[in-house]
Amino acid sequence: MHELFTAFENDATHFYDKGNKAARIRLRNAMQELKTLAQEIRNEVTEKKNAK
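Just so we're aligned, residue 3 is where the sequence shown starts under my numbering, counting upward by one.
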């Protein structure tokens, strides 16, 4: 997850500060991966909660 945040931070800097269009695409992809990862973690937490 740390690698994803590092990539996100670099691409966000390139897009917002320098207007790099390729970084915009990478940033959107990283955010989608983060969303997917967050959903997986939420599902695991719910499963553990319901298993008790």
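Think of the CB as a built atom: it goes at the ideal place given N, C-alpha and C, for glycine as much as any other residue.
Here the structure is a predicted model, which means the values were calculated and not measured.
Endpoints, the alpha helix (DSSP H) within which K50 is located: Following the DSSP letters along the chain, one finds K50 inside the alpha helix (DSSP H) bounded by residues K23 to A53.
Under 7 Å between C-beta atoms of F17 and L29: Against a cut-off of 7 Å, the Cβ pair of L29 and F17 comes out as a contact.
Beta-carbon contacts of F10 that lie in its chain and below 8 Å, excluding the five residues immediately before and after: The residues are L29, A32, M33 and L36.
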